[in-house]
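Right, one structure below, let's go through it.
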Amino acid sequence: MKDIDKVKTYIGIDIEYEYGKNNILTLSKKLYIESLAKRYNIENSKLFKTPMEINLKLEKSDINEDIKYSIYRFQNSYYEMHFKYVLRFLKYVYSTRELKLKYCKSNNADILDCFVDADWAGDIVDRKSTTGFFIRFFGNSISWKSKKQNSVTKSSTFAEYIALSEAVTEVNFKLFKQGNIEVVKIESENNIAVYLQKH
């Protein structure tokens, strides 16, 4: 086995290198997105600025009882309306195909930091909250998550606390993998949840 050149494409992700002061690496799915757009004939269709319709409400009667409200969860059991929403989502992604993830060297950023948030009772049907967080390594995003919480919380503080707990678990995993990182900056807008997490 011999090293021929830098990887340019991996599992549908285009990889570009820019050598210099910051040694920039960019990741893009542009070619893959364009191939999907061509396959489903949406290249000249009306594009969308949001991934789903605003104020879209899916009722339990519309779908299988154990399948919830995000498109990706319908991949094994879908109906025509779900396919329509997937095409809409693809039109949104096609409109953002020029966007790339950019990774560059940074001496000013914290080694590892995390930003956490949660809505409270955001699901209008079952009133469960959604956790969201992303983790950066030297200012570059390395992990992110958006997930509906498993239980209904009684306050925004509890929803934020659950989100913080999930984020800290992921940070601990990243710390274990990276090693030699002693301080992690974790930011949340709910001060009470942060206080509870510390004690």
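Just so you know, the sequence shown maps onto residues 1 to 199 in the UniProt record's numbering.
Cβ coordinates follow ideal geometry from the N, Cα and C atoms, glycine included.
- Between Leu27 and Ile11, the C-beta gap is not smaller than 8 Å, which leaves the two residues out of contact.
- Glu18 and Asp3 have their C-alpha atoms spaced approximately 19 Å apart.
- Beta-bridge partners assigned by DSSP to Trp120: none are found.
- Secondary structure note for Lys148: its beta strand (DSSP E) is the uninterrupted segment 140–148.
- Each of Phe134, Asp110, Asn150 was checked against the Cα of Glu182, and the nearest Cα belongs to Asp110.
- The segment 78–93 makes no contact with the segment 150–168: fewer than 3 CB pairs, one atom from each, lie closer than 8 Å.
- Judged by their CB atoms, Ser129 and Asp119 are nearer to each other than the 8 Å cut-off.
- Sorting Tyr92, Lys29, Phe133, Lys84 by C-alpha distance to the C-alpha of Ser146 places Phe133 at the top.
- About 31 Å separates the CB atoms of Ile186 and Val125; that is not less than 8 Å, and the two are not in contact.
- Judged by DSSP in its simplified three-state form, Glu182 adopts coil rather than helix or strand.
- Within a 10 Å sphere around the beta-carbon of Arg39 sit fewer than 16 other beta-carbons, which makes this residue exposed.
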